[in-house]
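One rule links them: number in our numbering = place in the sequence shown (from 1) + 794.
Think of the CB as a built atom: it goes at the ideal place given N, C-alpha and C, for glycine as much as any other residue.
All values reported here derive from a predicted model rather than from experimental measurement.
See structure below.
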Amino acid sequence: MDLTTVTGHRRATGRADLALTPGETYLAGGTWLFSEPQPGLTGLVDLGSLGWAPLEELSSGGVRIGATCTIAQLHAWPWPSAVADLVGQCADSLLMSFKVQHAATVGGNVCLALPAGAMIALLTALDAEAVIWTPDGGERREPVATLVRDPGLTSLTRGEVLRALEVAPAALAASYAFARIALTPYGRTSAMVIARRDARGATLTIAGSTPRPLVLEVASEAEVGAAIDTIHEWYADPHGAPDWRAAMTRRLAVETVCRVLS
Ligand SMILES: Cc1cc2nc3c(=O)[nH]c(=O)nc-3n(C[C@H](O)[C@H](O)[C@H](O)COP(=O)(O)OP(=O)(O)OC[C@H]3O[C@@H](n4cnc5c(N)ncnc54)[C@H](O)[C@@H]3O)c2cc1C
């Protein structure tokens, strides 16, 4: 849609360009920014012109995902097969994903902090760390699991820019099982569960059905019920009632833990 209040568009080419003036915000893929009215928004600072590498191998053996990496680029990276399957399942989880994958960025999905944020669930399951540029020229790091605080709310303060998301080698060697449910076959995610097994044991990432991503430790299928019982806040919106989301999450959690531990 046209953003009729926007009168300025700056293409950032270096860090100095990222200082926001009143009324400005960052533009990544623009798939959300241009999808609904943005009252009070007068200017866009385009991150796409910064030329950040979409993906890079780290010397540690991990992977660094640039915040402006598109979901399609993330999908195309040569991940180990277990991670590749998970990336594909998460990429396909966005509502009408085939339309947005080539424009929507991984960083934009994280910064939006929607409960149905498939990249948030993916990066939480991968135990990824966000690299954040602060307005004073510094940098801070935070797990994606805590960066996302509530629907539409992250720990980012005005002028902070999500620069990258780093995945450690341990996540690349882990096994995963993914399950998701929505009210319609291609609908917005109502609940998403990712079970992970690595040398430390098994964890569950719960997303979509809760206001923020949750990570629960489970040693066996028998522990799943008690782990789900620790969740006291279920998300409510037109994509599912809280009690239904709780029941579906429990079912998907048992299913994924059984698969990942078998
Ligand atoms: C058809 C369609 C279906 C969708 N389905 C889903 C869905 O199922 N689940 C879901 O979660 N979302 C969904 N979305 C929304 C989706 O999350 C976003 O469209 C997309 O992931 C956001 O990425 P973007 O690069 O387009 O961000 P933009 O729209 O450019 O920006 C989104 C927000 O993040 C901020 N931002 C972006 N990058 C950075 C950065 N690096 N640092 C700081 N702030 C930044 C922007 O200022 C803006 O506030 C859908 C959107 C569409 C159009």
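Where residue i sits in the DSSP three-state scheme
i       : result
Ile1025 : coil
Gly842  : helix
Phe828  : coil
Trp927  : strand
Leu949  : First, the amino acid is wrong: residue 949 is Ser here, not Leu. DSSP places Ser949 in coil when its eight states are reduced to three.
His896  : coil
Pro937  : strand
Ala1035 : coil
Leu969  : Note on identity: in this sequence residue 969 is Ser, with Leu being the wrong assignment. Strand.
Ala976  : strand
Candidates the options, of which the one nearest residue i by Cα
i       : options                           : result
Ala910  : Ala996, Trp873, Ala1001, Gly817   : Ala1001
Leu852  : Val900, Ala962, Ser843            : Ala962
Ala822  : Gly902, Leu1010, Leu849           : Gly902
Pro1005 : Gly946, Gly995, Arg990, Ala1047   : Gly946
Gly824  : Trp846, Asp879, Pro848, Thr862    : Thr862
Glu923  : Arg952, Arg957, Gly953, Ala907    : Arg957
Arg1053 : Glu1015, Ala1030, Glu1027         : Glu1015
Ala1047 : Gly1034, Ala1030, Ala1020, Ala964 : Ala1020
Gly931  : Val955, Ala993, Leu941            : Val955
Burial state of residue i, where buried means 16 or more other Cβ atoms lie within 10 Å
i       : result
Phe892  : exposed
Pro1007 : buried
Glu830  : exposed
Exercise for the section: Starting from the N-terminal side, write out each stretch of the beta strand (DSSP E) that is 3 residues or longer and does not extend beyond the stretch 979 to 1027. Expected result: List check, beta strand (DSSP E) in window: 983 to 992, 995 to 1001, 1008 to 1012.
Handout entry: Segment contact, 8 Å Cβ cut-off, at least three pairs: the stretch 804 to 815 with the stretch 923 to 933
Key = Flag = yes, the stretch 804 to 815 and the stretch 923 to 933 touch.
Exercise for the section: For the stretch 964 to 971 and the stretch 984 to 993, state whether three or more C-beta atom pairs, one from each stretch, are separated by less than 8 Å. Expected result: These segments touch.
Exercise for the section: Report yes or no: do the stretch 1040 to 1056 and the stretch 912 to 923 share at least 3 C-beta pairs separated by less than 8 Å? Expected result: Three or more beta-carbon pairs separated by less than 8 Å are not found between the stretch 1040 to 1056 and the stretch 912 to 923, which leaves the two stretches without contact.
Exercise for the section: With a floor of 3 residues, list each beta strand (DSSP E) that falls wholly inside the stretch 840 to 875, ordered by position along the chain. Expected result: For the stretch 840 to 875, whole beta strand (DSSP E) runs of length 3 or above, ordered along the chain, are 849 to 851, 857 to 860.
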